[in-house]
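Novice: Quick one: the structure is below, questions incoming.
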Amino acid sequence: MTFEYDRDTALRPRGDGAYDADLAPGWLVGGGVNGGYLLAIIGNAVAAELGTAQPAKQHVDPFSVSAHYLSASTAGPAYVRTEVVRSGGRFSTVAATLLQDVDGTPVPRIAAHATFGNLDSAHDAKSDLEASALGLALEAPVLPPPEECLESRDAPPEVKKIAPLLDRFGTRFDPETAGWAVGEPSRRGVIQGWFKLADDRPLDPISLLMVVDALPPTTFDLGMPGWAPTLELTAHVRAKPAPGWAIVRHRTRTVAGGLFEEDCEVWDSTGTLVAQSRQLALQPRS
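Residue numbers for the sequence shown follow UniProt numbering, so the first one is 1 and each next one is one higher.
Below, the structure is given as structure tokens:
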């Protein structure tokens with residue numbers, strides 16, 4: 001079986017560290033292609049380049065990816081240029097740029113630096129025990145069971161018009177933070193729920209780069225619906241996700257100067273924190 005996500009993030013190597021992609025229309029949101037989906041495509045290109053340049057190191061997993069969104073992407077052909085800027089024992093860092101040709105001119109869409117390593121060997125029992133003793137684990141929010149939550153594919157037409165990518169997911173929103181869907185936002189700046197892909201494709205470390213940008217902007221819960229273009233997003237992958245439902249929480253604490261920050265945390269089905277991110281985005285225009 002070919003999963004939709006794998007088909008839509010597939011790459012074709014063109015040589016010299018460049019990879020061709022086809023940005024699928026199903027991942028559109030607002031005035032462009034979803035930033036998390038694009039970040040996962042960049043992640044695939046980085047993993048492919050490191051696998052080619054230094055296969056013995058097995059630097060196949062993202063640890064930190066910081067991306068600046070330069071212009072809005074459109075559905076259709078694109079390509080990623082990569083350059084290995086550091087090759088270390090535990091980690092390698094790659095510069096990557098996603099581009100699209102517009103009237104014959106290459107237009108950069110995203111510029112990123114990605115640090116990859118191996119999540120299986122990044123820690124051991126001793127370091128895990130020391131970390132646990134600190135008592136600093138970030139606990140997942142307690143949610144109603146998925147069957148008691150609101151399915152993303154049942155979002156109002158005006159929301160799905162802005163974000164058709166919701167049909168890619170099987171997200172179930174926590175009713176406590178989903179009042180925005182019926183015109184009653186809580187104005188707390190929190191949106192959270194259960195997450196999976198619509199076709200039950202299991203999550204992996206690179207797909208977590210997509211998950212951290214998968215929920216509607218927290219500004220929806222502030223009574224400010226609309227497209228919120230990302231300026232910069234930094235994602236940290238902390239562990240390989242276990243199969244099953246993940247829990248995703250987006251929240252904001254500051255809206256100022258026409259911008260807002262959005263923090264995201266992702267926990268897997270065992271309650272393990274597997275990813276975090278922070279992004280700076282434009283406040284939606286009324």
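Glycine included, each C-beta is placed from N, C-alpha and C at the ideal position.
Tell me whether isoleucine 191 counts as near the ligand NAP, meaning its Cβ is closer than 7 Å to at least one heavy atom of that ligand.
Specialist: Although the ligand NAP was asked about, the structure shown includes no ligands whatsoever.
Novice: Measure the C-alpha to C-alpha separation of phenylalanine 169 and valine 159 and round it to an integer number of angstroms.
Specialist: Cα to Cα, the separation comes out at about 14 Å.
Novice: Less than 8 Å between the CB atoms is what I'm expecting for alanine 235 and tryptophan 267, so what's the real figure, rounded?
Specialist: With 8 Å as the limit, alanine 235 and tryptophan 267 do not qualify as a contact, their Cβ atoms being about 15 Å apart.
Novice: Tell me whether the stretch 19 to 26 and the stretch 61 to 72 touch, counting them as touching only if at least three CB pairs, one residue from each stretch, are closer than 8 Å.
Specialist: Cβ pair count under 8 Å is below three, so no.
Novice: Which whole-angstrom value describes the C-beta separation of alanine 95 and valine 85, a residue pair presumed to lie in contact below a C-beta threshold of 8 Å?
Specialist: Confirmed, about 5 Å.
Novice: Given a threshold of 16 other Cβ atoms within 10 Å of its Cβ, counted over all protein chains shown, does proline 185 qualify as buried or as exposed?
Specialist: So proline 185 counts as buried.
Novice: Leaving out five residues on either side along the sequence, give the residues of the same chain with a beta carbon under 7 Å from the beta carbon of glycine 258.
Specialist: Taken in chain order, the residues that qualify are Leu282 and Gln283.
Novice: For leucine 150, collect the residues of the same chain with a Cβ closer than 7 Å to its Cβ; drop the 5 residues on either side in sequence, then sort them by chain order.
Specialist: Closer than 7 Å at the Cβ level, and outside the excluded window around leucine 150, lie Arg172, Phe173, Pro175, Ala178 and Ala181.
Novice: Based on the DSSP secondary-structure assignment, which residues constitute the bridge partners of phenylalanine 195?
Specialist: Answer is Ala246.
Novice: What residue range does the alpha helix (DSSP H) around aspartate 8 cover?
Specialist: Residues 4 to 8.
Novice: Since isoleucine 41 contacts alanine 21 with CB under 8 Å, what's their CB separation in whole angstroms?
Specialist: That belief holds up - the Cβ atoms of isoleucine 41 and alanine 21 are roughly 5 Å apart, short of 8 Å.
Novice: State the DSSP-derived secondary structure class of aspartate 128, mapped to helix, strand or coil.
Specialist: Aspartate 128: helix per DSSP, three-state reduction.
Novice: Do the CB positions of alanine 214 and arginine 238 come within less than 8 Å of each other?
Specialist: No, the pair does not count as a contact, with Cβ atoms beyond the cut-off.
Novice: By Cβ distance below 7 Å, which residues in the same chain neighbour tyrosine 5 in space, the five residues on each side in sequence not counted?
Specialist: Result list for tyrosine 5: Leu197, Arg201 and Ser207, in chain order.
Novice: If I follow the unbroken alpha helix (DSSP H) through glycine 51, where does it start and stop?
Specialist: Counting along the chain, the alpha helix (DSSP H) containing glycine 51 begins and ends at 35 to 53.
Novice: Please classify alanine 267: does DSSP put it in a helix, a strand, or coil?
Specialist: Note that residue 267 corresponds to tryptophan in the displayed sequence, not to alanine. Residue state, collapsed to three classes: strand.
Novice: With leucine 280 as the anchor, note down where its alpha helix (DSSP H) starts and where it stops.
Specialist: That residue, leucine 280, is in no alpha helix (DSSP H); its beta strand (DSSP E) goes 273 to 282.
Novice: Taking the alpha helix (DSSP H) that residue 291 falls in, what are its first and last residues?
Specialist: No information on residue 291 is available, as it lies outside the stretch 1 to 286 that the chain covers here.
Novice: Report all residues from its chain with a CB closer than 6 Å to the CB of proline 13; omit the five preceding and five following residues, and keep chain order.
Specialist: The answer, listed in chain order, is Tyr19.
Novice: For leucine 203 and leucine 233, what's the separation of their Cα atoms in angstroms?
Specialist: For leucine 203 and leucine 233, the distance between alpha carbons rounds to 20 Å.
Novice: Is valine 107 near glycine 193, with beta carbons less than 8 Å apart?
Specialist: No, the Cβ-Cβ distance between valine 107 and glycine 193 is not below 8 Å.
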